[in-house]
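A short worksheet on the structure shown next.
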Amino acid sequence: MSQQTTANAEKAASNGVRELFLYNTLTRKKEEFKPIKRGKVGLYTCGPTVYNFAHVGNLRTYLFEDILKRVLLYNGYKVKHVMNITDVGHLTGDRDMGEDKLEKGAAREGKTAWEIAEFYTKAFKEDIKKLNIIEPDIWCKATDYIKEQIELIKKLEKKGYTYKISDGIYFNTTKIKDYNKLSHQPLEKLRAGARVEVNEEKKNPTDFALWKFSPKGEKRQMEWESPWGIGFPGWAIECSAMSIKHLGERFDIHCGGVDHINIHHTNEIAQSESATGKKPWVRYWLHGEFLNISGGEKMAKSEGNFLTLENALIKKGIDPLVYRFAVLQTHYRKPMEYSEKAIESSKNGLEHLYNQARELGFRNKDLGIKNIDLRFKIKFLKAINDDLNIPKALAVAQELLKSDLPNQKKLSTILDFDKVLGLNLGKKEEKIPAEVEELKKQRETARKEKNWKESDKLREKIEKLGYIVEDTQDGSRVFKK
Ligand code: AMP
Ligand code: ZN
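Position one of the sequence shown corresponds to residue 3 (the numbering used here), numbered consecutively onward.
And the structure:
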């Protein structure tokens, strides 16, 4: 880098915003991110279907989205993040066939669909907290936005995109030219995929439900009046209605797992752009790759044998942040294999990182922004701004920790990086053995009584156990030699 570019880069780094490249599924290219409104980002991430606990695969997707959001914030953007809670309308078959997952969950547990939704929404929010995922600015439940969904369907009906069959109102996908623009699949292939679940009455295999009627003679737990009859919304309409309501008819980024590309997101685009007439509805579409169980076993909520944060980690006494650290080590567009061995090695890796950070913290206070090493900050920014290359950013963090910079500088810089990594590097206190803590207490009493001889003896004992005592204005501290 020439001196001039270094100076510019430093200026940019210290000012915040600089070039950020993201892989856009819509164009299949890494593109420079340019928000619609200067300095602001509208972000919508498809949330959980709350009929069961989230599994670690689902959580991988939310971790990727959290990293994206943190990278945007680190670059100086103001982010408005909206996440939905799917509490109605997601059927066991993704193509509007089968049972409502919520009603199925209710039957399984002998509760109402409403109770199921409330219980698993709460569990989900607890999970993401444990993973240090920043909460969205707005949570929205599909059942709270029935009116908006009906309004959107009415617009589509008026414009001639819909038709009615015996079980609901459907979107006619042949009415639009670019139905396959997100999936990049030939239409024939999409149609063939859609034929797996057949509804003979649909005009085209890819057509999807906007509103489904409650089955004749059956009262559903969740159903509403509509201009077309009593029923409930289709799966994709909630995301279109709620994102438009909170982020506008055009916004910046929409995310989910790769499984959403061909159906859910493709249908969201079709109905949103047809209703508003504005294209593109969303500028950047980002998708996270799947987490697979080692050995190729599929992880799905519907299988009932999946790994949750609780049974995979917490029950075994493993800090959930170990899973966050494991996820950070694989780029979000690469499939990741889950195994106990991988978790074990992530546990060791994170413990090592905590020890490195603690060593810097012993005698130092974070002096904040002015003390950050700009050369390393630029390297770190380059990695994260290259389509969220966190594995590389972690390597930069290691390079920093092993460098010969003063500890004070390393500390401020690593704590700055942790704004993106979210590993709580500054908050992990060293675990002091009970025996050492007890000796420290006894020494404090001896000092209060001005029994210096006893106090010195206790210091020696502590040092023999491999710890150092430091007397400060607020009492004494012990740390590993
Ligand atoms: P759901 O609760 O089923 O609607 O899914 C919630 C999120 O998890 C969606 O963004 C899915 O794309 C994503 N997802 C589902 N299975 C996996 C998996 N095995 N690995 C990563 N993400 C997944
Ligand atoms: Zn969605």
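From the three backbone atoms N, C-alpha and C, an ideal C-beta is built for every residue, glycine too.
Here the structure is a predicted model, which is why all the values come from computation and not from measurement.
C-beta atoms of residue i and residue j nearer than 9 Å
i    : j    : result
P282 : L28  : yes
V73  : N387 : yes
Y172 : D209 : yes
I232 : E240 : no
T114 : K103 : no
Y78  : G49  : Note that residue 78 is Gly in the sequence shown, not Tyr. Their beta carbons are not under 9 Å apart, which means G78 does not touch G49 by this criterion.
Y325 : N294 : no
T310 : V58  : yes
L70  : L390 : yes
S168 : E220 : no
L158 : Q273 : yes
P235 : I148 : yes
L184 : H267 : yes
C142 : N201 : no
K214 : D98  : yes
K106 : Y53  : yes
E451 : S478 : no
C-alpha gap between residue i and residue j, whole angstroms
i    : j    : result
I380 : T278 : 41 Å
A11  : K384 : Unreliable placement is indicated for A11, whose pLDDT of 46 sits below 50; the coordinate value is still reported in the next sentence. C-alpha separation (whole angstroms): 10 Å.
A448 : F481 : 20 Å
Y334 : V471 : 44 Å
N206 : L413 : 60 Å
K500 : K82  : It is not possible to answer for residue 500, since the shown part of the chain is limited to 3 through 483.
A144 : K421 : 31 Å
L362 : Q410 : 7 Å
L467 : K318 : 29 Å
L402 : T164 : 58 Å
N269 : K404 : 49 Å
E353 : V329 : 16 Å
A119 : D146 : 12 Å
Y122 : I130 : 12 Å
E312 : S348 : 17 Å
A125 : L425 : 21 Å
L2   : E117 : The structure shown does not extend to residue 2, since the chain is modelled only from 3 through 483, so no value can be given for it.
N350 : K80  : 35 Å
G100 : A359 : 52 Å
W237 : N174 : 16 Å
N453 : R461 : 12 Å
G250 : L212 : 20 Å
K459 : T415 : 39 Å
K336 : E137 : 25 Å
Sheet register partners of residue i (DSSP bridge)
i    : result
V284 : F253
K166 : I171
L45  : H83, I255
P235 : W213
Y340 : I295
F481 : I470
K31  : N26
K143 : I87
G370 : DSSP lists no partner for G370.
G363 : Looking at the DSSP assignment, G363 forms no beta bridge with any residue, so it has no partner.
L93  : D102
T51  : T88
H289 : G258
D485 : This structure cannot settle anything about residue 485, because the visible part of the chain is limited to 3 through 483.
Cβ-based neighbour list, residue i, same chain, cut-off 7 Å, excluding 5 preceding and 5 following
i    : result
K463 : L441
F66  : G290, Y334
K394 : A385
E21  : E34, N387
I178 : A272, S276
E456 : A448
R62  : G290, L293, V329, M338
N484 : Because the chain is modelled from 3 through 483, residue 484 falls outside the range shown and cannot be assessed.
F308 : H57, M301, A302
K398 : Note that residue 398 is Val in the sequence shown, not Lys. Once the five neighbours on either side are set aside, the close Cβ partners of V398 are F378, K381, F382, A385.
N134 : L323, R326, G424, N426
Own chain, CB closer than 8 Å to residue i, minus 5 neighbours either side, in chain order
i    : result
H262 : C48, H289
I316 : K132, P322
I38  : G44, R252, F253, D254, R285
K31  : Y25
CB-CB length for residue i against residue j, believed under 8 Å
i    : j    : result
Y286 : I246 : Going by Cβ atoms, the distance from Y286 to I246 rounds to 17 Å, so no, they are not a contact pair.
Q223 : A108 : 7 Å
I152 : S228 : 5 Å
Near ligand 3: residue i beta-carbon under 8 Å from a heavy atom
i    : result
L293 : Ligand 3 is absent from the structure shown, which contains only ligand 1 and ligand 2.
Residues of its chain near residue i, where Cβ-Cβ distance is below 6 Å and the 5 sequence neighbours each way are ignored
i    : result
R110 : none
T51  : T88, H92, K103
E150 : A243, K247
C257 : T47, E67, L288
P408 : none
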